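According to our numbering, the sequence shown holds residues 79 to 246 in order. No residue lacks a Cβ here, since even glycine has one placed at the ideal position from N, Cα and C. Keep in mind the model is a prediction, meaning the values are calculated, not measured. For reference, the structure is listed below as structure tokens.
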Amino acid sequence: MSTIAVSADIKPSRLLLLVMTFACLCVVLVGVAVCLLMPGQLSWLLRGILAAASLIAAAIALFLVLRGRKTIWLHISATGQIRVVEHLINSSSSRAKPQVMKAGLAQLLAGTTVWPGMLFLRLRLENGKTRTIPILSDSVSEDTFRALSVACRWLVSHNMAKAQMLEK
């Protein structure tokens with residue numbers, strides 16, 4: 079029986095939402111600037127299409143960011159087994175238990191990024207889908223972030239050692 083080495087309640091990052099909102103706003107402003115500041119070089123129709131395309135692209139990007147904001151519980155066992163649990167938290171009552179939306183085992187993939195202030199975990203879920211979980215320093219407590227970072231670094235090095243042994 080393995081014990082859980084790290085267990086983290088990962089909340090959606092406000093900083094990531096702020097950065098993505100700013101990026102979407104910049105895309106819209108560039109589209110509007112192209113529409114208004116290039117009067118002689120492009121026709122009105124083409125400028126309108128470019129402005130509308132930038133607005134639609136920004137709206138879709140912001141929608142995807144907002145749709146992906148879910149609370150995730152991540153459990154990494156001492157043997158390196160990763161369990162991902164998505165929860166839907168009821169806003170009506172803080173004492174009510176959160177409802178489990180999805181749960182399952184996952185495997186850490188190559189391309190996982192571990193930086194001092196940010197983690198991007200690329201995981202392959204049981205159903206074969208790949209999921210990226212962004213973890214910024216405002217998503218979890220400082221101690222939990224440090225523990226997750228150490229566990230992920232260990233998993234990455236352990237997976238690389240396994241891959242090298244399989245090559246030989």
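Where DSSP assigns a beta bridge to residue i, which residues make up the other side?
i      : result
Glu164 : Ile150, Lys180
Pro90  : DSSP output for Pro90 lists no bridge partner at all.
Thr191 : Phe198
Val208 : Here the sequence assigns Thr to residue 208, which means Val is not the residue at that position. Per DSSP, Arg202.
Once you ignore the five residues that flank residue i on each side, which residues in its own chain have a CB closer than 6 Å to its CB?
i      : result
Thr191 : Phe198
Ala86  : Leu152, Val218, Thr222, Leu226
Gly182 : Leu203, Glu204
Leu140 : Cys102
With a CB to CB cut of under 8 Å and the five nearest residues on each side skipped, what residues in its chain are close to residue i?
i      : result
Thr208 : Leu187, Arg200, Leu201, Arg202
Ala131 : Gly109
Any idea what DSSP makes of residue i, helix, strand or coil?
i      : result
Val106 : helix
Met254 : The question about residue 254 has no answer, for the chain in this structure spans 79 to 246.
Ala83  : strand
Leu214 : strand
Leu186 : strand
Leu120 : coil
Ser219 : coil
So residue i and residue j are supposed to be a Cβ contact under 8 Å. How far apart are they, rounded?
i      : j      : result
Pro212 : Ser121 : Contact doesn't hold; Cβ gap of about 41 Å is too wide.
Leu214 : Leu93  : 5 Å
Excluding the five sequence neighbours on either side, which residues of its own chain have a C-beta within less than 7 Å of the C-beta of residue i, listed in chain order?
i      : result
His236 : Gly158
Ala229 : Ala83, Val84, Ile154
Arg231 : Val192
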